[in-house]
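Since the structure comes first, as C-alpha cells, the remarks are kept for the end.
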Amino acid sequence: MSSDLATPATRKDASAAKSSGAREPVWRRAARWETGLVAVLIGVLLWASIKSPTFTDPSTAFYFGVNTGYIAVMALPMTFVVMTGEIDLSVASMLGLSASMVGYLWHHGWNIWAAFAVALLVGVVGGALNGVLVARFGLPSIAVTIGTLTLFRGLAEVLLGSLTIPTIGDRQFPQWLTNIGVNSIPGTQVSWSMLIFIVLAVIFGVVLHLMPLGRAMVAVGLQPEAAQFAGIRVKRMKFWLFVLSGLMSAFAGILVTLQQASVSYNVGNGLELTVVAIVLFGGVSIFGGRGTILGVVLSVAIVGSLQMALTQLNVSSDKQNIVTGVLLLISVIVPNGGEALRRAREFVRRRAAHEPG
Amino acid sequence: GSTSNKNGGSSSNPAGGSAGSSSGGASGAVKQGLKVYFIPKDTQNPYEVLADKGGQKALSELGGSVTVSSGTTDTAAAQQPSIQAAIQAHADAIVIAANDPAALCPSLNTAARQGIQIVAFDSDIQCGSNPNHLFINQADTKTIGTSEVDLLAKQINSQGEIAILSAAASATNQNAWIKYMKEQLKKYPKMKLVSTVYGNDDPATSLTVLQGLLSAYPNLKGIISPTTVGISTAAQYLDTHKDVAKRVTLTGLGLPSEMRKYVTDGTVQSFELWNPSDLGYLAGYAAASLASGTPMQAGSTFQSGSLNKTYTMQQGDGELSVVLGPPTVFDKTNIDQFNF
Amino acid sequence: MSAVTVPKADGGVVLTLLRAREIGIALLIALVVLVTALHNSHFVDSNSVQQLLSGAALIALLGVGETLVIITRNVDLSVGSVLGLSAYVVGDLFKYHHIPVWSGFVIGTLVGVAAGTLNGFIVTALRVPSLVVTLGMLYVIRGIDGVIVNGDRIDPESIPNAFTAVGYRTLFGIPWLAIIVAVLVAVAGFAMRSFRASRDLYAIGSNPDAAALAGVPIQRRVFSAFLISGTLAGFAGALFLALHTQIDNSGGIGYELSVVAAVVVGGVAIFGGSGTVVGAALGALLLNTINQALVASRISAFWNQAIAGALLLAAIAFDRWLSLRVTKSLRSAEGAHREL
Amino acid sequence: MATPARLVLEGATKRFGSVVALGEGAITLYPGEAHALVGENGAGKSTLVKILGGVYRPDSGTLTIDGTPVEFGGPADAQAAGVAIIYQEPSLFPDLTVAENIFMGRQPLGTWRRIDRRAMERRSREIFTRLGVQLDPSRPARGLSVADQQIVEIAKALSFNAQVFVMDEPTAALTTVEVLRLFDVIKTLREHGTAVLFISHRLEEVYACCQRVTIMRDGRFVRSVGVAEISIDEIIRSMVGRDLEALFPKTETAPDEVVLDVQGLTTEGVFHDISFSVRAGEIVALAGLVGAGRSEVARAIFGVDRRDAGTVRVSGRALANGDARAAMAAGVALVPEDRRQQGLVMDLGIDQNVALASMAKLRRGGLIFRSSERKLAATWAERLQLKYGRLRNPVSTLSGGNQQKVVLGKWLARAPRLLIIDEPTRGIDVGTKAEVHRILDGLVSEGTAVLMISSELPEVLGMADRVIVLREGRITAELSRAEADENSIMRAATGQNAEIAV
Ligand SMILES: Nc1ncnc2c1ncn2[C@@H]1O[C@H](COP(=O)(O)OP(=O)(O)OP(=O)(O)O)[C@@H](O)[C@H]1O
Ligand SMILES: Nc1ncnc2c1ncn2[C@@H]1O[C@H](COP(=O)(O)OP(=O)(O)OP(=O)(O)O)[C@@H](O)[C@H]1O
Ligand SMILES: [Mg+2]
Ligand SMILES: [Mg+2]
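Chains as they are written, first to last, in the numbering used here: chain A, 15 to 371; chain B, 158 to 497; chain C, 226 to 565; chain D, 3 to 504.
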C-alpha cells in the first residue's frame, strides 16, 4: 500500500481507537477483557453444571476437545493474521481441500504419511497464494480470501466430487490414527486435538507476547508504515503468516479427517466465520495490533463449553446461533459501553444546559 | 461392508427365529419410557421436520419420548454434538439422517458400544459393521432410481437428452439414486443422460445452473430432480417459461404441497415421494423395537402401529434395512389427497 | 506551466476509459458472454439472458446497500440473514394472514428497516467495529428467523400470483425484477454523485478524521448507510419470495460473502472512500454470468466452483492492476505543475 | 485598540486524562489583523486551535465572537460561526477530487439541491489563481505532494469567506515562493477585515506577515504584544522561559574514513545517478526544494524502497536492494520525515517504541520482556531529556518535539554508524531544536556519520560540513562548508538566481 493521505493508522484512530481505551496501555485494556472472559467462563461452567446433569460427566471434556480442538487450531494463526490487520476467510476451505487431498491420495493407494505430507504442502501452497496476493500485490485480504474460499472448496470438489473416502471397498484409514476421534489421551479426558491445540497455544502465545516477531506483528497491525521503517519486513511477515494459516488449516484438515475417519469435499463448510468469531470474541481487534492468545484460548473454552451445555440441554441450534451472535456483540459493546454511556450522559447534560438558555 | 453382509446373511435364520420367540413380534413388548434421539440433517429442513413429527408420534404412542437435536447447517460436524448429547443422556436409540455417510461413524460407533441402537433414515450411513445399524429406507433405493427414469421415459417416449438436477455433490442419498438411474437408463438406449448439475438445495443456485443447463443443451427433453428444492425451483421456472415447459419435461422427488400448483396447472405431470411423516413414524417404531431387545439382524420383525404392517429387516444393498413401501406417484388425479 | 489534465498524463484513451471501473467490468462481462456464446450460441437466447439478469438482480440490490456501507469504511455482513428473515415473515403473513399483495413488499422492507436501524444504532451509538457487529447480527437474525420458522415452510400456493408475478414477468423481454433493481441502482447511482449527504459518505470512508473536521455528521451518515442497506435487504427479501415462490429457514444463507465479493469485483474499495453502486451491480452481474456460463459451456459441474473462485481472484487482481496504473499516472502528472 | 474584538477566548483549559494540554489559554483577535501564535512544542497551540474549531470542547473557559458568547458542539458549529481553520496535519480525502476536498459539506448546489460540479470547479480554480498555483480541481487528491496538500488546505479555508482565519503551521511544507504568495493572500484577507491567526515555528515569518504576537508556554498564555515592540530573542525567551544556548552548536571534527558510499543510485522517475559519500564524524546535508527527491534517496539507501540501479556501501560492504533489515545490521539508522506515520507506532508505549528497533539486542534466550524494554527506554528518555508521564503511555500523548526525541532515542539506542535524519526539526520549537542539534553534534564528535535532510537553510548552513544539493532528482551541486551560503544553495536548488526574501 502506498503512503497515501489516509493510512490505516488514521482509520484506526477514527473508528476503534478514538473511543475508550485508545490512550491506555495495551496490556491494561487486554487484561480487563481477559478478566471479563474468565468471569464469563466461570459463570458458564457453573451455570452448565447446575442446569445440565450430564455437563459434569467426564466425557464432556473429551467431547469438548473433539468438537472444538481442530477449529481452535485454526483460530491461532487467524489471531496472528488479524493482529497484523488482515483476515483469512479461506481457512475452512483449506481445511476441506487438505482433507480432500488426504482422501484422494488414500483412495489412490498412497501411504497415509505421504498423503499427510502432500496435504500439508497443499496448505503451504494455498497459504502462499493468499500471501502473494495480499502481501506482494497489495490486494485486500478480505476480498482475496473470499476468492480463495471459493477456489479451495472448488478444488476439493474437483478432487472428490461426490465420493466419500473411504468408499465401499477402499482401505479404512489406520485405526490407531482414527482413534483420536474416539479415544482420549490415556488416563485423561483430554482429546488429542485439544492437547495439540494447548501445546500450540503456548507456542503461539510465547511468540506473540514474548518474542520480537510478536512485537513486530503488533507494530504491523497498528501502523504498518512505521513498522516498515523500524526494519520490520512487513510484506514478508504477512506472506508467511498467510502460509502459516494455510499450513495450520491443512493440519486441521488432517485432524478432522482422522477424527471422522472419512472425508467428503464439503467437510468444515462455513467454519470460517466460526473461527473469526472465536478470535474476535477473544478480544482481538479486527483492526489489528490488539489482542492476546490467552483471550483466544478463553474464547475457545467459552464458546465450546456453551455449545456442549446448550446441546445437552437440547436448546435448539437456532437459539445457539443467537447466543453466538450475542456473545460477539457483547465482545465489542461491553468494552465500549462505558464510553458510550459517558457520551450519552454528556449529550443529555448539554441538552439540558442549552434548553433554559 | 462385505463382512457385515456375510455375518448378517449366515446368522439370519436362527437369529430371526429367536427374535420371533423372545419378542413375539408384538409391539406390546416395547419397553416403556424409551428415550430416542432424532438427529435430522438440520433442525429446519421442512421435510425432516415432518419426519421428526412422525417419530414423535410413534414414541408417544409407545410411551417413550423423542428429543430432536441437530445443527442449523447440513454438516456432519453440526450433528456431532447431538450424538454426544444422546450418548451422555444414555438414550436408548439414535435415529439419524446423516449429512455425511462416513464422518459420523466413529461417534455412532461409540454410541452403539454404550448400548444405543442406531437407526438411519432419509440418508444412510456407510459404517460397515462399526456400528451395525438399521436403515429405514423411504423406498427401495433401487426402486426410486429406476422408477424416476421410468416415469420420465413414459412422458418423453423414451427418447431424447435428459439431465439431473441434484442437491450437493456430496449428498449420499442423491448419489445412491443417481447410480441406479444411470443403470436403469441402459434400458432406454434412446435416452441420453447429458449432464448432472448441482443446485446445492439453494433455490438461487438451482436456478442459475438450471438455466446454464438449458442453454448448454438446447435439445434437452427431460430433467430429473431427485430433491425437493431442485424440483420445485425447476417447476416454478417452467411454470413461468411456457416455451421451455413445452419441450422439457420435469419429474423427480417433490413434496405434494410444494408441487400441487404445478401439477394442477399441468406444468408437471407426475413426480414421486413417500410420506415423510410415515418415514419418521416407522423409524420411531423400529428404534423402539430395537431398544426393546429385537435383535438387529436380517429377519427380525417389528410392528408399526398405525401403518398396520409387520416389517421385516432385510439385508439389502449390503446394509440392514427395512423399506417403508413403494413411493407414491403424484399426478393430477391424486395430488389433492396429500397434505405434506 | 500549464494546468495538468490528469487523463492525458499517461496511458492515453484506453486507460482513461478503463479508469471508469464500470467500463472495465462491463467489458469483462461482454468478454465472458462472447466467449461462451462462441461456444454455444444459446447462451444469448432470451431465456438465458433473462436469467443472467434476474439471477444477478438480488445480489445487485443487496450490493447497492453494501456499497454505501463499505464506502464509509464499514461492512454489513447481516444482509443475507435479513433477506432470509424478511422473505419468511412476508411468506408467513401471506400464508396465515392473507395480507394484500402490496403490503408484502412494505412489510418485507420494514423488516429490513428494523434490522438496519439496529445495526446502525449499535455501530454508531456505541462506536464499535461494524464487521464484528454485523457478524454477530448475522447469527442473531438467522437464529431469530429459525425460531420464527420453527421448521415450517411456505409453499408456492400460499403466495398470491400477483406477488410472484414480480418474480417472472417481463417487459420488452426484460424481467421486472431486473428493471426494478436497475431503476434502484440508477437512482442510487445518481444520488451518490449528486447530493451532499452522499458525498459525505465518500468523505467519511476516504478520511474519517478529516470528515469530522469538515463538520460531516459522521455518525448520522453511517447510520443512514446501514439503514439503507438493511432496508434494501428487507426489500430484497420480498423479491426473493416473489422469485422463488417458497421459503423456509434457508433463504439467503451465505449471501453476505457473495455480496461482498460482487461489490469488491465491482471496484468498490474494501477500505472505503471509492466505488460506485453501478460498479457493484455490474460486479454481481459478472459473477452470475460466470456461474451460468460455466454450466452452459458444459464444463463438469465439479469444476464450477474452482473456476468461479479463480475468476473472482483474477477480477480482483485486474482491478488492482488498473488502479495501480491510475495512481501511477496521477503521480507522474503531479509535480509537473509545481512552480519553482 | 479601539475596534471591538472579533474573537476572544479566555481562561480556556483542556486536559486529556492526566495531561493538561491547555492550562490557561487565551487569545484576542481583532478584525483586519494578522496575529501570530508562538510557543514551544506542546505549548498547547494546536489544542487552542482545535477549541476554536469546535473539535475539542474546552473543560472551562469562554469564547466570544463579535461580542456574543458561543459554545461549539462540533466543527460544523465553528464553520457556521465563520471560523475557518487549517489544521496542522493535512486532512484531505484522497479519493475525492481537489474541488470536492475544498467544498466538502458546502458544495455549491444547483436545481433540486444537486451539486453543481461545474461551479465547484470554477470556484476552486479562482482560489488557485489567487494563490498563484496551477492545480487541476478535477484530479483526485491522492498522490498530491505534501506542499500541494497544504495548498488545498489553504484553498479550503479561503473558500469559506470566513471572519476568522486560523492557520496552524501552514508554511511547514511550503517553498519560499509559495510562502510569499500566502502572505499576499493573508494581506488581502486583512484588508477585507478578516482576523487571521497564524502559527509558525519560523519566527522570521511572524515578523514578515503579522502585526501582533501571542506567546504561550506550558499551556498558558504568557503575553500578547505588537511585533514591532518585541525582538526575536525576547520572543524566544518568553517561549522557552530561559535564555537559549546557541541554536547551532558545532564542534569542528576531522572527518574519518568513508562510512556511506553511494554510487549511481537511481529510481525511475524520482532520482537519477546519485553518487556521494559520507565520512565518519561529518554531517552531510541533502538540500533542495520540497519534492526534489531527497527523502526518496534516504529511503532507498535505508532500503524501505527498492532502487532501480546503483550501489550503496556502508563501511565498504554493499547493501542488498530493498532490505532495511540488512541496512540496520550494517549500522544504518533512518529517522524518517513523518514521525507520526513512519517514525512511531502511535498507539504503542514510549518504551515499546524505543525498543522496537533494538529487539535483537534486548533478546534474552530468544524472549523479550517488557522490563528490559522499559530499562532501555528509561536510559534514553533521560539522556534526551524527554518530557513524559509514564513510559508505558502511548507516544501519541507526547507533543511533537518529544515524539521526535523518542524516534531519535529509538535509533540512537542501536548506536548507529550512519544516522540518516530527514527533517530533524520540522515542526519543532526552537528550544528542542537546539537540543536536537546538540545531540547531532555530540554524535558526530563520537565518530558517527550523519546524513541530514533539511528544508531549513539556516539549519543546513549551521550544522553541515558538506552540502549536497538536489534538484528534480539530480545532484546539482556539492558544496563545502565554506562554499555553502543561502545563495549558492538556492541557485543550485532552483537552477536559477533566486532572491531569498523572508
Ligand atoms: N489527544 C491528546 N491526548 C493526550 N494529550 C494530548 C492530546 N493532544 C495534545 N496532547 C498534549 O497536549 C499538549 C499540547 O499539545 P499541542 O498539540 O496543542 O501542542 P502544540 O503547541 O501545537 O505543539 P507543536 O508545536 O508541536 O504542534 C502536549 O503535551 C500534547 O502531548
Ligand atoms: N505523495 C506523493 N504522491 C506522489 N508523488 C510524490 C509524493 N510524494 C512525493 N512524490 C514525488 O516524489 C518526488 C520527491 O518527493 P518528496 O517530496 O518526498 O521529496 P523531498 O525532496 O524529500 O522533499 P521533502 O522536503 O518533502 O522531504 C517528487 O517528484 C514528488 O512529486
Ligand atoms: Mg501543533
Ligand atoms: Mg522529504
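The beta carbon of each residue, even a glycine, is placed where N, CA and C say it ideally should be.
Answer with yes or no whether the minimum CB distance from residue i to chain D is below 9 Å.
i	result
residue 326(A)	no
residue 146(A)	no
residue 286(A)	no
residue 545(C)	no
residue 129(A)	no
Using a 10 Å radius around the Cβ and a threshold of 16 neighbouring Cβ atoms, would you call residue i buried or exposed?
i	result
residue 398(B)	buried
residue 358(A)	exposed
residue 297(C)	buried
residue 158(D)	buried
Taking 8 Å as the cut-off, is the CB of residue i close to at least one heavy atom of ligand 6?
i	result
residue 51(A)	This structure simply doesn't include ligand 6; it includes ligand 1, ligand 2, ligand 3 and ligand 4 instead.
Roughly how many angstroms lie between the CA atoms of residue i and residue j, to the nearest whole one?
i	j	result
residue 378(C)	residue 454(C)	26 Å
residue 337(D)	residue 405(C)	57 Å
residue 37(A)	residue 232(A)	For residue 37(A), the predicted model reports a pLDDT of 43, less than 50, meaning its position is unreliable; a value from the coordinates is still stated below. Spanning the two alpha carbons is a distance of roughly 16 Å.
residue 333(D)	residue 245(A)	12 Å
residue 339(A)	residue 262(A)	26 Å
residue 151(A)	residue 31(D)	52 Å
residue 494(B)	residue 417(B)	10 Å
residue 31(A)	residue 432(C)	The pLDDT assigned to residue 31(A) is 34, lower than 50, so where the model puts this residue is not dependable, and the model offers no usable value.
residue 508(C)	residue 278(C)	12 Å
residue 139(D)	residue 103(D)	9 Å
residue 57(D)	residue 443(C)	13 Å
residue 248(C)	residue 309(B)	46 Å
Taking CB distances under 9 Å as the criterion, tell me whether residue i reaches chain B.
i	result
residue 374(C)	yes
Does any CB atom of chain A fall closer than 9 Å to the CB of residue i?
i	result
residue 333(C)	no
residue 339(C)	no
residue 307(C)	no
residue 480(C)	no
Determine whether the Cβ of residue i lies closer than 9 Å to any Cβ atom of chain C.
i	result
residue 197(A)	no
residue 57(D)	yes
Exercise. How do the segment 371–386 of chain C and the segment 257–274 of chain C stand: do at least 3 beta-carbon pairs fall below 8 Å, yes or no?
Worked result: no
Exercise. Using a Cβ cut-off of 9 Å, which residues of the segment 382–409 of chain B contact any Cβ in chain C, in chain order?
Worked result: 386, 389, 390, 392, 393, 394, 396, 397, 398, 400 and 401
For this session: Determine which residues of the segment 253–265 of chain A have a Cβ less than 9 Å from any Cβ of chain C, and write them out in chain order.
Result: Cβ contacts with chain C come from no residue of the segment 253–265 of chain A.
Problem set entry | At least 3 beta-carbon pairs within less than 8 Å: the segment 87–103 of chain A vs the segment 256–270 of chain A | Contact between the segment 87–103 of chain A and the segment 256–270 of chain A is present, because at least three Cβ pairs lie under 8 Å.
Exercise. Which residues, in chain order, does the segment 510–526 of chain C contribute to contact with chain B at a C-beta distance below 8 Å?
Worked result: 513, 516, 517, 518, 519, 520, 521, 522, 523 and 526
For this session: Note down, in chain order, all residues in the segment 420–443 of chain C with a beta-carbon under 8 Å from any beta-carbon belonging to chain D.
Result: Of all residues in the segment 420–443 of chain C, 420, 421, 424, 425, 427, 428, 430, 431, 432, 434, 435, 436, 437, 438, 439, 440, 441 and 442 have a Cβ within less than 8 Å of some Cβ in chain D.
For this session: Say whether the segment 294–311 of chain B touches the segment 258–269 of chain B, bearing in mind that this needs 3 or more beta-carbon pairs closer than 8 Å, one atom from each stretch.
Result: no
Exercise. Using Cβ-Cβ distances below 7 Å, what residues of the segment 228–244 of chain B are close to chain C?
Worked result: 229
Problem set entry | Interface positions of the segment 337–364 of chain A facing chain C (Cβ-Cβ less than 9 Å), listed along the chain | 337, 338, 339, 340, 341, 342, 343, 344, 345, 346, 347, 349, 350, 351, 353, 354, 357 and 358
Exercise. What residues from the segment 492–510 of chain C come within 7 Å of chain D, judged by C-beta to C-beta, listed N to C?
Worked result: 498 and 499
For this session: Please list the residues of the segment 70–84 of chain D that have a C-beta atom closer than 9 Å to any C-beta atom in chain C, keeping them in chain order.
Result: 76, 77, 78, 79, 80, 81 and 82
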